[in-house]
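Protein chains in written order, with UniProt numbering: chain A, 1 to 328; chain B, 1 to 543. Ideal placement from N, C-alpha and C gives every residue a C-beta, glycine not left out.
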C-alpha cells in the first residue's frame with residue numbers, strides 16, 4: 001500500500017480519452033500517440049480519463065513515477081524521443097521535406113480538424129468524444145466554453161466566418177493533395193518506414209473518416225484521395241484491429257532491455273531550471289519566515305486583547321443573565 | 001392599548017422600578033445594546049413627568065389627583081400581591097384572547113405570529129409567563145429586531161379570565177452589519193479567518209442575507225453568499241441556502257488543487273438533527289504536474305449531489321472546556337442522488353463519542369473520545385473503484401482534537417494531512433536518486449482515540465483568565481479499503497500500525513478561539529509521516 005509505484009515500474013500506460021466511433025481513442029490529440037506507439041511495436045496498456053476534457057496534460061504516458069505529459073517538452077512523442085524510450089524519427093530530422101510536411105500537418109490540418117469538430121459539424125461529434133462521460137450540466141458548460149475558445153483561437157468572428165471557413169478548407173485541400181502525392185502507392189509517407197509523421201497524419205485521417213458525419217465538408221475533401229483512404233484503412237486494420245483481436249486488453253510484458261534506455265538525462269531543460277529552483281526555494285523560505293513572524297505578532301496582539309480585555313465582556317454577559325426573568 | 005388604569009404591569013412611579021416586581025408581567029429582553037434600557041427609562045420618564053406635573057403644582061384643583069392616583073396604585077398593588085399569592089399556591093387559569101403585534105413596518109405579520117404559536121396552548125398564568133419568555137427569546141433569535149417587549153394585558157371586561165398579549169417589536173435600524181471572526185471549519189481541518197457582511201430582513205420575511213469571504217490557514221479561500229429563512233412556505237424549521245465558490249490548495253500535501261462551485265441547502269435543522277443537501281461542480285487539477293498516479297487518475301470534473309444527515313447529542317457543559325457530560329455525533333453523507341450514474345457516488349459515515357468525567361480537585365476533568373469514519377463508493381463495480389479523493393479521511397492539522405467534534409480529524413503532533421497511505425510523486429530528474437516526495441492520499445477508514453486530563457493551575461491569575469493545563473494522549477490510524485484493499489484488511493494490522501502521541505500543554509481560551517501551546521512527544525509513527533516531537537500551537541474555535 002505504501003509504495004504503489006514499484007509494482008508497475010516496468011509497465012507503460014497510455015492514458016487517453018475515451019474510445020468512440022470504432023476507434024481505440026477518438027480524441028484527435030490522443031490517437032496519433034496511440035498509433036505511434038503501435039507503429040513502434042512498443043508494448044503498453046491503454047487507460048482512459050474521460051472526466052477531464054479541458055486538460056492539456058492528456059494524453060500522457062506513465063510508468064511508475066515517470067510521466068510524459070502532452071503539454072511539456074513539445075509533446076509526448078518528443079519527450080519519449082528525448083528520453084530514449086521510443087524513437088521512429090531518428091533519420092528523418094534532416095530531411096527538409098519531412099520537416100515541412102510535419103509543419104503543415106501540425107498547423108493546417110490541425111486547424112482544419114479543430115474547425116470541423118467544433119464548428120463545422122455543430123460540435124456533435126466533439127460532444128460525444130469529450131463530454132459524454134460527464135454529468136450533463138458540467139458537460140454542457142464545458143462544451144460551450146470550449147466552442148467559444150476554439151472560435152477565438154481560429155480567429156472566427158461573425159463577420160469573417162465564411163471567408164475564414166473557406167480559407168481553412170482550402171488549406172486542408174492543399175495539404176491533402178501534397179500528402180497524397182507524397183504517399184503515392186507506398187505503405188508509409190517517407191522511405192516506406194513508419195515515422196511520427198505517419199502517426200500524426202493517420203490519427204487525423206481516421207478521426208475525419210470515422211468521427212465526422214457524412215455531411216462534413218472536410219471529410220468529403222479527404223475522400224477524394226483514394227490512396228490516403230486505402231493507406232488509412234490498411235494501417236487501421238494492421239495496428240488497431242489485429243492487436244485488439246490478438247491480445248485482449250493490450251497488456252504486454254515489457255522486455256527488460258527498455259529500462260536502461262531511460263538513463264540519459266532529460267536534456268537541456270534540467271540545468272536551466274535547477275538554479276532557478278534553488279533561488280525560488282530560498283525566496284520561499286524567506287517569505288515563509290516573514291509570514292510566521294507577522295502571524296506571531298498578530299497572534300500576540302489578539303491574545304493580549306482577548307485575554308486581558310476579554311474579562312470585561314464576560315462580566316457584562318453575566319449581568320445580562322441576571323437581568324433576565326426573575327419570578328417574584 | 002395599554003390602559004394605565006387596568007394594566008397590571010404598572011409599578012408605582014414613586015418606587016424605583018424594581019425588576020423583581022416588574023418583570024413577572026413585562027418580559028423585557030436585555031440585550032447588549034442600551035435600547036431596552038432606554039425603553040424602560042422612557043416609560044419611567046413618562047410616568048415621572050406625569051408625576052412631576054401632578055406633584056409640581058401644589059394646591060388647587062390638582063391636589064385631589066395625587067391621592068386618587070396613589071389610592072389607585074395601592075389597590076393595583078394589592079391586586080398584584082393577591083395574584084402572586086394565588087400563583088404561589090396553584091395554577092391560576094387564564095386564556096389568551098388576542099395577540100397584538102405592533103411596531104413591525106417591514107416584517108410580515110405571519111413571521112412574528114409563527115413564533116407565538118406556543119401562546120395558544122397556555123392554560124394558566126405560570127404557563128403564560130413561561131411561554132412569553134420563550135416567544136421573546138425566539139423573536140430575539142430571528143436577529144431582525146433591535147428589541148422585543150411583551151406586555152400582558154387583561155382581556156376585554158366581558159370575558160373574565162382572559163388576557164391579551166401585546167408584542168412590541170422595534171425593527172433593526174441598521175440592517176447591514178459586518179463581522180470578522182476566526183472559525184474552525186470541519187471540512188478544511190484548519191482555522192479560517194472569515195469576514196462577512198449581513199443584511200437583515202431585506203424582504204420582510206425575516207430573511208437574513210449574508211456574503212462572506214473566508215481564508216484558511218491551509219491556503220483555502222471561499223467566497224459565498226447565503227440566505228436564511230426562518231419560515232419558508234410553512235416548513236417547521238428554518239431553511240438556509242448558500243451558494244459558494246471554494247478553492248483549496250493541497251499541492252504541497254497531495255499535489256492537487258480543488259475548486260468547487262455549488263449550492264448548499266439546509267433543509268431541516270433542530271437541536272439534534274440536521275439535514276443538508278449539497279449540489280456542486282468540483283474540479284481537481286494539478287498545475288504542478290507532479291502528482292502521483294492515484295491522484296492523476298482522479299483529476300477532472302465531477303458533479304457532487306449529496307444529502308447529509310447529522311445527529312448531534314451534546315450534553316457536555318462546554319464545548320471549549322468540557323468537564324462533565326457526554327456527546328455523540330453521527331453524520332451520514334450519501335452522494336450520487338441524481339439518476340445520472342456519472343455523478344459522484346459514495347457513502348460516508350463518521351461518528352464521534354466523547355465523555356468527560358469531573359475529578360473534583362483543581363477543576364480537573366478527564367476527557368475521553370473515540371471517533372471513526374468510513375467512506376465507500378457505490379454503484380456498479382464499486383469494489384474495484386477508488387473512493388473520491390476529497391471525500392477521504394485525512395488526519396492531521398493544527399486544531400485541537402478535544403474541540404473538534406464530528407469525526408476523526410487530527411492527532412496532536414501530526415501536521416495537516418500528516419499520515420496515512422502515501423504514494424511517491426512524479427520523478428522529474430532521472431539522475432537524482434532522491435525521490436521528489438510523496439503524496440498523502442488519505443484513507444477510506446479512519447479511527448482516532450484521545451484521552452485528555454485538564455486541570456487548573458494553582459495560580460489565581462491563570463484561573464481568572466481561564467488558562468489551564470492539560471496532559472493528553474491520542475492514537476489513530478487511516479487505511480485504504482477500496483480497489484480490493486479490503487481483502488487485505490485486518491483489525492490486527494490496523495492496531496499494529498496505529499500512530500500515537502502524548503504530551504502536555506497550556507490551554508488559553510480567548511473570546512475568539514481556544515489556543516493550545518503543547519509539547520508533543522510522538523510515540524509511534526511511520527516513514528513519510530509528517531509529525532515531530534516538539535512544541536506545537538493549535539487553534540480551535542467553537543463548533
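Query                                                                                                                                             : Result
Proximal residues to residue 500 of chain B (C-beta, below 6 Å), its chain only, five neighbours per side dropped                                 : 475, 523, 524
Best match in B/139, B/153, B/382 for proximity to residue 80 of chain B [C-alpha to C-alpha]                                                     : B/153
Residue 133 of chain A: contacting residues in chain B (beta-carbon distance under 8 Å)                                                           : 342
Residue 76 of chain A in three-state terms, based on DSSP                                                                                         : helix
CA nearest to the CA of residue 234 of chain A, picked from A/10, A/30, A/39                                                                      : A/39
Local conformation of residue 137 of chain A per DSSP, three classes                                                                              : helix
When B/150, B/450, B/125, B/399 are compared against residue 137 of chain B, the one with the closest alpha-carbon                                : B/150
Residue range of the alpha helix (DSSP H) that includes residue 140 of chain B                                                                    : 125-141
Residue 551 of chain B versus residue 344 of chain B: straight-line alpha-carbon distance, rounded                                                : Look at the range of chain B in this structure, 1 to 543, and you will see that residue 551 of chain B is not part of it.
Assumed close pair residue 478 of chain B, residue 419 of chain B - CB separation to whole angstroms, cut-off 8 Å                                 : 7 Å
Residues that residue 70 of chain A contacts on chain B, provided the C-beta gap is smaller than 9 Å                                              : Neighbours of residue 70 of chain A on chain B: none; closest Cβ ~11 Å, over 9 Å.
Segment contact flag, the segment 326-335 of chain B with the segment 291-301 of chain B, C-beta cutoff 8 Å, min 3 pairs                          : no
Residue 283 of chain A to residue 209 of chain B span [Cα, whole Å]                                                                               : 42 Å
Nearest-angstrom Cβ-Cβ length linking residue 77 of chain A and residue 33 of chain A, presumed shorter than 8 Å                                  : 6 Å
Neighbourhood of residue 147 of chain A by C-beta distance below 7 Å, restricted to the same chain and skipping five residues each side           : 118, 123
Near-chain A residues of the segment 269-289 of chain B - C-beta to any C-beta below 8 Å                                                          : 281, 285, 286, 289
Secondary structure of residue 82 of chain A, DSSP reduced to three states                                                                        : helix
Ordered list of alpha helix (DSSP H) runs contained in the segment 243-291 of chain B, each at least 4 residues                                   : 251-254
Whole-number beta carbon distance between residue 206 of chain B and residue 111 of chain B, since they are thought to touch under 8 Å            : 5 Å
Nearest residue (CA-CA) to residue 506 of chain B, options B/482, B/68, B/462                                                                     : B/462
Beta carbon proximity, residue 64 of chain A to chain B, threshold 9 Å                                                                            : yes
Touching by the beta-carbon criterion (3+ pairs, under 8 Å), the segment 82-100 of chain B and the segment 191-201 of chain B                     : no
Contacts around residue 437 of chain B, its chain only, beta-carbon distance under 7 Å, and the 5 residues preceding and following it disregarded : 425
Proximal residues, the segment 481-513 of chain B versus chain A, C-beta separation under 9 Å                                                     : 485, 488, 508, 509, 510, 511, 512, 513
Bridge partners - residue 377 of chain B, DSSP secondary structure assignment                                                                     : B/346
Anticipated Cβ contact below 8 Å, residue 20 of chain A with residue 128 of chain A, distance rounded                                             : 6 Å
Collapsed DSSP secondary structure at residue 164 of chain B in the structure displayed                                                           : strand
Supposed close pair residue 277 of chain B, residue 267 of chain B - CB separation, criterion 8 Å                                                 : 6 Å
Minimum Cβ-Cβ distance from residue 411 of chain B to chain A less than 9 Å                                                                       : no
Start-to-end residues for the alpha helix (DSSP H) that takes in residue 298 of chain B                                                           : 293-298
Per-residue DSSP class, three states only, for residue 221 of chain B                                                                             : strand
Chain A contact for residue 467 of chain B (CB, 9 Å cutoff)                                                                                       : yes
Pair within 9 Å by beta-carbon distance, residue 454 of chain B and residue 252 of chain B                                                        : no
Chain A contacts made by the segment 300-311 of chain B, where a contact means CB separation under 8 Å                                            : 300, 301, 302, 303
Sheet register partners of residue 449 of chain B (DSSP bridge)                                                                                   : B/370, B/475
DSSP state of residue 43 of chain B mapped onto helix, strand, coil                                                                               : At residue 43 of chain B the pLDDT is 35, less than 50, meaning the model places this residue with poor confidence and gives no usable figure here.
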